[in-house]
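Participant: Could you have a look at this structure, given as structure tokens, before my questions?
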Amino acid sequence: MNPQFQLFPDQASATAVHLDHLTAYLLIVAVIFSTLIFSLIFFFAVKYRRRSGHERAGETGHALPLEITWTVIPFVLMMIMFTWGARIFFEMSRPPDDAMNIYVVGKQWMWKTQHLEGQREINELHIPLGRPVRLTMTSEDVIHSFYVPAFRVKFDVLPGKYTTAWFNPTKPGKYHLFCAEYCGTLHSGMIGWIDVMEPAEYERWLAGGAGGESLASSGQKLFEYLACANCHRTDKPGRCPNLTGLFGSKVQLTTGETVTADEAYVRESILNPGAKVVAGYQNIMPTFQGQVSEEDLLQLIEYVKSLAKQPAQGAPTLGAIPPRLAGRGITRPPSAPAQNPKR
Amino acid sequence: MANHSLALRHQFDDVEQQKDASTFGMWIFLATEVLFFGGMFCCYTVYRSRYPMAFGNASNHLDLILGAVSTAILIISSFTMACGVNSAATGAKNALVGFLGLTILFAAAFLVIEMSEWHMLYKEGLMPGFNFTYKEFDPGHVQLFFCMYFAMTGLHASHVTIGIGILAVMAIRAWRGAFGPEYFTPIEISGLYWHFVDLVWIFLFPLYYLIARHLQG
Amino acid sequence: MAEHIVTKKQYSYVFATLLLLTFITTTVGMMDLGRLNVVVALVIAVIKALLVVLFFMHIYWSSKLNKLTVVAGVAWLALLLWLTLTDVLSRGWLPFPGK
Amino acid sequence: MITATVETRDNYLTHEYGVKSWLLTKDHKRIALLYLASISFFFFLGGIFATIIRLELLTPPGDLVSAQTYNKLFSLHGIIMVFLFLIPSIPATLGNFFVPMMIGAKDLAFPKINLLSWYIYIAGGACVLYAMLEGGVDTGWTFYVPFSTSYANTYVILTGVGIFIAGFSSILTGLNFIVTIHRMRAPGLTWFRLPLFIWSMYATSLIQVLGTPVVAVTILLVAVERGFHLGIFDPALGGDPVLFQHLFWFYSHPAVYIMVLPGMGIISEVVSVYSRKKVFGYRFVAFSSVAIAVLGFLVWGHHMFVASQSVYASLVFSFLSFFVAVPSAIKVFNWTATLYKGSISYDTPMLYAFGFIGLFTIGGLTGTFLATLGFDVHVTDTYFVVAHFHYIMVGGTLMAYLGGMHYWWPKMTGRMYPEGWAKLSALVVFLGFNLTFFPQFILGYLGMPRRYWAYPEEFQVYHVLSTAGASVLAVGYLIPAAYFIWSLRYGKIAPDNPWNAPGLEWQTSSPPPPENFEITPVVTSEAYDYSILEEMKVG
């Protein structure tokens, strides 16, 4: 098909196919109804045109049965729209558990993406074919919206919180990435490409990139640089909670509430430590607002996440801990069983 | 203006219809006002539901006694206003002027108390945008509390100020004998407005001064 | 609609009740009753508001139309709060983490 | 009904002369004309911006104006068209003129407040114009935070104040109408004898009165936050930008019904008069107006499906959104059924009514698309939405407004418009409109985001079509402007009731006398009773 005159966008994800089926239903309903209305108007306008100046209009019968009919039929059709649309929306809202994580930071006027392996890209995102991708997104300034028409995926990217979106690319190729929420002067320049590659090619791309260091280990370096480890100790009870096994667990607060330690919680605890203090600890942590960028935060979060993934039994490999850390008197965690994640 | 029959405007058939229309119009305006304040009450509700602890800590920086006293003063002014409407309806001109004067007086007293509270908060470094130096529990959300506090009490205070203006005009007109038992719709309508101002404060008082005091982090 | 003149005596009763309620709500506010503080304060505020609207503002004696107007104002405010809170409070009601 | 004495009768135009008699008038008919002049000015201003926008989008790169200028153009186009043209358009002109006349009243309940509302409108408009001349505003008409509060470098506060002020004009108009319709109806004119235009104006006024204050206070908060950096919506302090969107759409979604409900009212009048039939299912059409006004307040969250609203809330809002489609569908079906066995003439207003029903049907159907959760995710903030709301607001409201202007022009001015030119322009508007906006549905589904100054090349074909359509549309709007002005002087003298319409407004002279009716009419029959008219003629 001539790319200059497309009628339908590329279908490059599983969701895209599902959505296009819904679109077909919507279009059929719309076409039937508008054809019905248009032809009735046209037909009546011709058939009952005024032939003389003093013509009297005819009588029409009772309204009620008709009114009920044309209330109920559209309503039923619309409830189908609602249910079908909601099903697809649920599908869009729930990333599969095995999805690979990509972090996205929007700023005026560019997209910054980070792979867990450490590769960073600007206005581009390379992903392997056939693997679901989960995006964790935030903004440095105003509201943006991550939009890839070929995947039928769109979600707003807000400052101060994390939003997620996901897609499962099914066709290799380069697809447009747009910012869909007006964000200032060069809103229309905040565009990029999603590059869907064959898995093998993707592995080559990953290896050839300048990354080298994984996101979690960048986060760990930052953790040390900011001297977080002085209080958040892993070897013995410190003045602050031990972060091992924290991520994803339930945390009891001083106020008696319980929260889940997700990305938003970790983020808030770094920027606004006093807001949710863990039960049994003092509110002594200074805020890091202004000292860490959104990307730094994502690295720190990824580090905290990596602490959760460490084996419950036994010690992590020392290799992950750079010598600098050891120099600060922090050694590998005790070989005793790691903290109960439910704590 | 002394001739009451002249008060019928040409578009109405009779005085009854005119009075009805005016009161009804005022009630619609007050419904509008409910939604006008409503936008801010909505902000308050959302933030308070999210940050109860910060709101609790912030709330303790407000003076409960001052809040209660200003509530009482506004209620007194509402009472004098109601008595004013009663005087107008019974044709007691001097009493009407007197009650309007009292209402204005209490309104002014309310404003004085409110200004002194604002001044205190300013000095304590609790006025966002001007002097905000609070560094204790969760300063960001405490600032949010005071933003909403100043926005809502500010909007309310501007209504009080406008109310004083309206009541002053009414007092002068009453003094000149513009109203009598057959025609006192403007007094009644001004009264509705004034009671509405009182009404808003009846909710502002518990929301800011009372309900969060014992939540402290 | 027949004119209804409310006497100063009637106003005085309402006024006294309002002052009393203000005193009660302030006193209760000083005690720590946990969640009950919010309930008591708001219930008293609603009672006070009703007294003002019904008697000071004559809605008790007013036409149905004026009553309806009051109800509409409050109902629309409730609508604003209800649907906004539907978003704010409903996180986690459905099995979508964080949504 | 004798028309020979038109020239000699005292009417509202000749009753008084001079600038002062206009600027201090309390006559609803004169105030309607003041509004007419002002909103026409803003319409053409907004139209000029639209023209430049379409020219810029003719080619993919941003080459005609700079990005910043483009952003200001679409922002001002939106702000002016929504707040200063569409919202006051039908209520403040045709509504102001005909609500009292159609219910047999001498004036609105509060003539002074009516005049005041015009001055408030002018003050608000002046603020926006001043902001525009100083350098404009680039936030879009939606003023989304934190862009508007912390990042935009343009005249946000001044524009916001303008909208805030103009909002009060809208509230006062609505308040005036509600009181008037409740309290000033002619003897015998019960609720179910009211013309459907009155029902729709009543529903519109409800929204104006109950919705506008919320957006006013929201914009006030934005201005205060921007001025003093308070943090009310600032995420850095725990403020919530999504809360702003809730408050904004609480008004701005129902505002769409402020725009289109009066249009529906006009179409009900016109369809009935030109097919000489009572509107089919009168009560259903009447109640559907009120239903739209109320249900319209329950659906605002469908603007926020991807704005990080909770899934549960999205579900609720999507579900409720379909309910508002039902009364709209009822109206379309009833208008169509009214034509059945009618005596249909093809006068210009009827042509506009046909156009309205067609375009509103498309706009409404695509509206249900947008209420559908999964579908909306893909097309929200794209040209699909742009096309949809232009079908409702331009294809709907503006077509109805033009139809109403033609329908009532003889009554307002005492002159007929040139029928040939009018039919031509109706056709040009219809074709131009579809050519402009239909391609945008396809553009949107292809993924073209809205508010883009430059765009990828594959979208160009549809943009070229759209721009071509816009030039046709522009011509379609200029023709009526020209012949309406021409007809003021050279048009045929209009008879009192050129369309043989049964409404009260047609039972007085053209133009009407200052107090509308020589004697207060007494109503004894339902609306749209054409047999009464026949009897009157015979008698």
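Protein chains in written order, with the numbering used here: chain A, 67 to 409; chain B, 14 to 230; chain C, 185 to 283; chain D, 21 to 559. Yeah, the Cβ is synthetic: ideal placement off N, Cα and C, and Gly gets one too.
In angstroms, rounded to a whole number, what distance separates the CA positions of Glu360/A and Glu329/A?
Facilitator: Here residue 360/A is taken as the residue at index 294 of the first sequence, counted from 1. Here residue 329/A is taken as the residue at index 263 of the first sequence, counted from 1. A straight-line Cα-Cα distance of about 12 Å links Glu360/A and Glu329/A.
Participant: Out of Ser315/A, Lys342/A and Val370/A, point me to the one whose CA is closest to Thr27/A's CA.
Facilitator: In the structure displayed, chain A extends from 67 to 409; residue 27/A sits before or after that span and is not available.
Participant: Strictly under 9 Å for the Cβ-Cβ distance: is Val542/D near chain A by that measure?
Facilitator: Numbered from 1 along the fourth sequence, position 522 holds the residue referred to as residue 542/D. Not one chain A Cβ lies under 9 Å of Val542/D.
Participant: Say whether chain D places a C-beta atom closer than 9 Å to the C-beta of Phe156/A.
Facilitator: Residue 156/A sits at position 90 when you count from the first residue of the first sequence. With 9 Å as the cut-off, Phe156/A counts as an interface residue toward chain D.
Participant: Taking only beta-carbon positions, decide if Met439/A is within less than 9 Å of chain D.
Facilitator: The first residue shown for chain A is 67 and the last is 409, placing residue 439/A beyond what the model contains.
Participant: Quick one, are the C-beta atoms of Ala78/A and Pro225/A less than 9 Å apart?
Facilitator: Residue mapping note: residue 78/A aligns to position 12 of the first sequence, counting from 1. Residue mapping note: residue 225/A aligns to position 159 of the first sequence, counting from 1. Going by C-beta atoms, Ala78/A is not nearer than 9 Å to Pro225/A.
Participant: Just how far apart, CA to CA, sit Met161/B and Ser203/B?
Facilitator: To locate residue 161/B, count along the second sequence from 1; it is residue 148. To locate residue 203/B, count along the second sequence from 1; it is residue 190. Between Met161/B and Ser203/B, the C-alpha separation is close to 28 Å.
Participant: Taking C-alpha atoms, which residue in His169/B, Gly193/B and His227/B lies nearest to His208/B?
Facilitator: By 1-based counting over the second sequence, the position of residue 208/B is 195. Ranking His169/B, Gly193/B and His227/B by Cα distance to His208/B puts His169/B first.
Participant: So what does DSSP say about Val560/D, is it helix, strand or coil?
Facilitator: Since the first residue shown for chain D is 21 and the last is 559, residue 560/D is missing from the structure and cannot be characterised.
Participant: Go through its chain and collect everything with a Cβ distance to Ser585/D's Cβ below 6 Å, but skip five positions before and after it.
Facilitator: Look at the range of chain D in this structure, 21 to 559, and you will see that residue 585/D is not part of it.
Participant: Would you say the region 238 to 255 of chain C touches the region 190 to 197 of chain C, given that touching needs at least three Cβ pairs under 8 Å?
Facilitator: yes
Participant: Please give me, in chain order, every unbroken run of the alpha helix (DSSP H) with length at least 4 that falls completely inside the region 183 to 240 of chain D.
Facilitator: none
Participant: Quick one: give me the first and last residue of the beta strand (DSSP E) that Phe233/A is part of.
Facilitator: Walking along the first sequence from the start, residue 233/A turns up at place 167. Element bounds for Phe233/A: Thr229 to Phe233.
Participant: Which whole runs of the alpha helix (DSSP H) in the region 313 to 374 of chain D are 4 residues long or more, in chain order?
Facilitator: 331 to 359
Participant: Can you find a C-beta in chain A that's less than 9 Å from the C-beta of Gly138/B?
Facilitator: As a position in the second sequence, residue 138/B is number 125, starting the count at 1. No, Gly138/B does not count as interfacial toward chain A.
Participant: Could you spell out the range, first to last residue, of the beta strand (DSSP E) harbouring Phe212/A?
Facilitator: The residue labelled residue 212/A in the question sits at position 146 within the first sequence. His210 to Val214 is the extent of the beta strand (DSSP E) around Phe212/A.
Participant: For Ile188/A, which of helix, strand or coil comes out of DSSP?
Facilitator: Here residue 188/A is taken as the residue at index 122 of the first sequence, counted from 1. Correct three-state label for Ile188/A: strand.
Participant: Do His48/D and Pro131/D have their beta-carbon atoms positioned less than 9 Å apart in this structure?
Facilitator: Against the fourth sequence, residue 131/D aligns to sequence position 111. Against the fourth sequence, residue 48/D aligns to sequence position 28. Yes; because the gap between Cβ atoms is below 9 Å, this pair is in contact.
Participant: Give me, in chain order, the residues of the same chain whose beta-carbon lies closer than 6 Å to that of Val237/C; leave out the 5 immediate sequence neighbours on both sides.
Facilitator: Within the third sequence, the letter at position 53 stands for residue 237/C. Once the five neighbours on either side are set aside, the close Cβ partners of Val237/C are Ile243.
Participant: At the 9 Å Cβ level, is Phe199/C part of the contact set with chain A, yes or no?
Facilitator: Counting from one through the third sequence, the residue named residue 199/C turns up at place 15. Not one chain A Cβ lies under 9 Å of Phe199/C.
Participant: Measure the C-alpha to C-alpha separation of Ile185/D and Val237/D and round it to an integer number of angstroms.
Facilitator: For the purposes of this step, residue 185/D is taken as residue 165 along the fourth sequence, with counting starting at 1. For the purposes of this step, residue 237/D is taken as residue 217 along the fourth sequence, with counting starting at 1. Cα-Cα distance, rounded: 11 Å.
Participant: Tell me the rounded alpha-carbon separation between Pro403/A and Gly311/A.
Facilitator: As a first step, residue 403/A must be located in the first sequence, where it is residue number 337. As a first step, residue 311/A must be located in the first sequence, where it is residue number 245. Note on Pro403/A: pLDDT 37, under 50, position unreliable in the model; the coordinate value appears next. Each residue's alpha carbon lies about 11 Å from the other.
Participant: Mind checking the region 99 to 110 of chain A against chain D and listing, in chain order, the residues whose C-beta falls within less than 7 Å of any C-beta there?
Facilitator: Phe99, Ser100, Ile103, Phe104, Leu106, Ile107 and Phe110
Participant: Within its chain, find whatever has a CB closer than 6 Å to the CB of Arg74/D; leave out the 5 residues flanking it on each side and keep chain order.
Facilitator: One-based indexing of the fourth sequence puts residue 74/D at position 54. The residues are Thr487 and Ala490.
Participant: What are the residues of the region 337 to 357 of chain A that lie near chain B, defined by any Cβ-Cβ distance shorter than 8 Å?
Facilitator: Asn338, Gly340, Ala341, Val343 and Asn349
Participant: Which bits of chain D does Thr45/B rub up against, with CB to CB less than 8 Å?
Facilitator: The sequence position of residue 45/B within the second sequence is 32, counting from 1. What Thr45/B touches in chain D: Ile191, Leu195, Val229, Leu230, Thr232 and Pro233.
Participant: Once the 5 residues before and after Thr381/D are set aside, which same chain residues still bring their CB inside 6 Å of it?
Facilitator: Here residue 381/D refers to the residue found at position 361 when the fourth sequence is read from its first residue. Around Thr381/D: Val352.
Participant: Could you tell me if Met214/C is buried or exposed, where buried requires 16 or more neighbouring beta carbons within 10 angstroms of its beta carbon?
Facilitator: Taking the third sequence and counting its residues from 1, the one referred to as residue 214/C is at position 30. Exposed is the call here.
Participant: Pull up the CB-CB distance for Phe317/D and Leu234/C, whole angstroms please, since I reckon it's below 8 Å.
Facilitator: As a first step, residue 317/D is located in the fourth sequence; it is residue number 297 there, counting from the start. As a first step, residue 234/C is located in the third sequence; it is residue number 50 there, counting from the start. Under the criterion of beta carbons closer than 8 Å, Phe317/D and Leu234/C do not qualify as touching, at roughly 25 Å.
Participant: Going by the beta-carbon positions, is the gap between Ser51/D and Asn173/D smaller than 9 Å?
Facilitator: Position 31 of the fourth sequence, counted from the start, is the residue given in the question as residue 51/D. Position 153 of the fourth sequence, counted from the start, is the residue given in the question as residue 173/D. It is worth fixing the name first, because residue 51/D is Ile in this sequence and not Ser. No, they are not a contact pair.
Participant: When you compare the region 491 to 500 of chain D with the region 518 to 535 of chain D, are there three or more beta-carbon pairs, one atom per stretch, that lie closer than 8 Å?
Facilitator: No contact exists between the region 491 to 500 of chain D and the region 518 to 535 of chain D.
Participant: On the three-state DSSP scale, how would you describe Lys32/B?
Facilitator: For the purposes of this step, residue 32/B is identified with residue 19 of the second sequence, where counting begins at 1. It is helical.
Participant: Taking 9 Å as the CB-CB limit, is Thr321/A close to chain C?
Facilitator: As a first step, residue 321/A must be located in the first sequence, where it is residue number 255. No, because no Cβ of chain C sits closer than 9 Å to the Cβ of Thr321/A.
Participant: If you measure between the beta carbons of Thr93/B and Phe123/B, is that distance less than 9 Å?
Facilitator: Stepping through the second sequence from its first residue, residue 93/B is reached at position 80. Stepping through the second sequence from its first residue, residue 123/B is reached at position 110. No, Cβ-Cβ distance for Thr93/B and Phe123/B is not below 9 Å.
Participant: Per DSSP, Met419/D is paired with what?
Facilitator: Along the fourth sequence, one-based indexing puts residue 419/D at 399. In DSSP, Met419/D forms no bridge with anything.
Participant: Let's test the definition: count the other Cβ atoms within 10 Å of the Cβ of Gln357/A and tell me whether it reaches 16, buried, or not, exposed.
Facilitator: Residue mapping note: residue 357/A aligns to position 291 of the first sequence, counting from 1. Result: exposed.
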